[in-house]
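Enquirer: Have a look at the structure that comes next, please.
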Amino acid sequence: KRKKFKTIGCEPAKNLQKLLKKNCDFSIKNFWSKIELDKVLLKNQLKKPKIITAIGMFYDLEKPNKFIKDAADSLDKDGIFIAQLMCLKTMMRMNDLGNICHEHIEFYSLKSLKFLFEKNGLEIFRLEENDINGGSYRIYCRKFNRGSIKLKNENVQKLMKDFVKRVKINKKVTINFINKEIRQGKKIFLYGASTKGNTVLQYYGLNHDKIPFAAERSPEKWGKYTIGTGIKIISEKMARNINPDYFFVTPWGFIKEFIERERKWLKKGGSFIVPFPKFKLIKFNE
Numbered sequence: 005k006r007k008k009f010k011t012i013g014c015e016p017a018k019n020l021q022k023l024l025k026k027n028c029d030f031s032i033k034n035f036w037s038k039i040e041l042d043k044v045l046l047k048n049q050l051k052k053p054k055i056i057t058a059i060g061m062f063y064d065l066e067k068p069n070k071f072i073k074d075a076a077d078s079l080d081k082d083g084i085f086i087a088q089l090m091c092l093k094t095m096m097r098m099n100d101l102g103n104i105c106h107e108h109i110e111f112y113s114l115k116s117l118k119f120l121f122e123k124n125g126l127e128i129f130r131l132e133e134n135d136i137n138g139g140s141y142r143i144y145c146r147k148f149n150r151g152s153i154k155l156k157n158e159n160v161q162k163l164m165k166d167f168v169k170r171v172k173i174n175k176k177v178t179i180n181f182i183n184k185e186i187r188q189g190k191k192i193f194l195y196g197a198s199t200k201g202n203t204v205l206q207y208y209g210l211n212h213d214k215i216p217f218a219a220e221r222s223p224e225k226w227g228k229y230t231i232g233t234g235i236k237i238i239s240e241k242m243a244r245n246i247n248p249d250y251f252f253v254t255p256w257g258f259i260k261e262f263i264e265r266e267r268k269w270l271k272k273g274g275s276f277i278v279p280f281p282k283f284k285l286i287k288f289n290e
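Numbering (the numbering used here), first residue to last: 5 to 290.
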């Protein structure tokens, strides 16, 4: 039987406070720090946490050293810190240009992660790779004792040079195809008005002149426009009713989910344009 844990959630965004309260026993309505955590622990007479997690936000940190130091100092002596973050290696091998956006301040190699954690009082005792967001690390740490496990060596400079070459090729192939289809009168919409997609659209030079609409699931984005490219965001239902010939997919890591969601549209002859890891058209039964 699982032991019941008391949970403390952290979320500075006011529009997400209700969701935070619904899913956690206690909440920090500010950016996380040891000072903020200690306030909650003291007020509610709680012990030091056994587990601290940083999921999908580790690369957004302006002060990663302070963050890790605070995590190390906040943990119970037998506690663990778990971080889920994008892999630099996988990002480059998958040519995932979209990950390079204003929110992502750091991209970590394994060597830099080991240095960062050990410098601030933690050691890596387990590391997993998964397919989340096109490739991520899940890192398990504890208070520093003997040092981290041995991690793979990565030739980051070579990875970067090869990444740049492949990204340029992807851009050329994708733009040539899109321009050809538009000249033939085909309609191309964006699928998913994601933050990462803005990087791709701007680098590829794709704006509202070529892609008039972006199909989006989140109602709070409907009626707005993509940054720098002026593509109007509409609901997925509205996009299906217009029935474009193609959906251009920038959040490609979720393509399996998109295929299931748009099965009817694909059956009617629609196709996904997927630019990563390399240019690909996805039609029904592919």
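Every residue, glycine too, gets a C-beta built ideally from N, C-alpha and C.
Go ahead and label N85 buried or exposed: buried means 16 or more other beta carbons lie within 10 angstroms of its beta carbon, across all protein chains shown.
Expert: The question names Asn, but residue 85 in the sequence shown is Phe. Label assigned to F85: buried.
Enquirer: According to the Cβ coordinates, are I173 and Y250 closer than 9 angstroms?
Expert: No; because the gap between Cβ atoms is not below 9 angstroms, this pair is not in contact.
Enquirer: Taking 8 angstroms as the limit between beta carbons, can you name the residues of its chain near F311, skipping five residues before and five after?
Expert: Examination of residue 311 is not possible in this model, given that the chain is present from 5 through 290 alone.
Enquirer: Hey, could you find the ends of the alpha helix (DSSP H) G201 is sitting in?
Expert: Its alpha helix (DSSP H) spans residues T199 to Y208.
Enquirer: Grab the span of the beta strand (DSSP E) containing F252 for me, first residue to last.
Expert: Start and end: Y250 to V253.
Enquirer: What does V278 pair with, by DSSP beta-bridge criteria?
Expert: The partner list for V278 (beta bridge, DSSP) reads K284.
Enquirer: Relative to the alpha-carbon of L131, which residue among N124, Y63 and S113 has its alpha-carbon at the smallest distance?
Expert: Answer by Cα proximity: S113.
Enquirer: Does the Cβ of R187 have 16 or more other Cβ atoms within 10 Å, making it buried, or fewer, making it exposed?
Expert: The residue is exposed, with fewer than 16 neighbouring Cβ atoms inside 10 Å.
Enquirer: Return yes when the Cβ of R150 is within less than 9 angstroms of the Cβ of A87, no when it is not.
Expert: Cβ atoms of A87 and R150: not closer than 9 angstroms.
Enquirer: Using only CA atoms, which one of S222, F181 and T94 lies nearest to G196?
Expert: Cα-wise, what sits closest to G196 is S222.
Enquirer: T233 and N247 look like a contact to me (Cβ under 8 angstroms); what is the Cβ gap, rounded to whole Å?
Expert: That pair is no contact at about 22 angstroms.
Enquirer: Quick check on this structure: which residue in M164, L163 and L79 has the alpha carbon closest to the alpha carbon of I56?
Expert: Comparing Cα-Cα distances from I56 to each of M164, L163 and L79, the minimum goes to L79.
Enquirer: Suppose only complete runs of 4+ residues qualify. What are the alpha helix (DSSP H) ranges in the stretch 101–182, listed by chain order?
Expert: As far as the stretch 101–182 is concerned, its whole alpha helix (DSSP H) runs of at least 4 residues are 114–123.
Enquirer: First and last residue of the beta strand (DSSP E) that includes L79?
Expert: Neither: L79 is in no beta strand (DSSP E) and is coded neither H nor E.
Enquirer: On a CA-only basis, which of F181, L24 and F71 is nearest W36? Give me that one, please.
Expert: It is F71.
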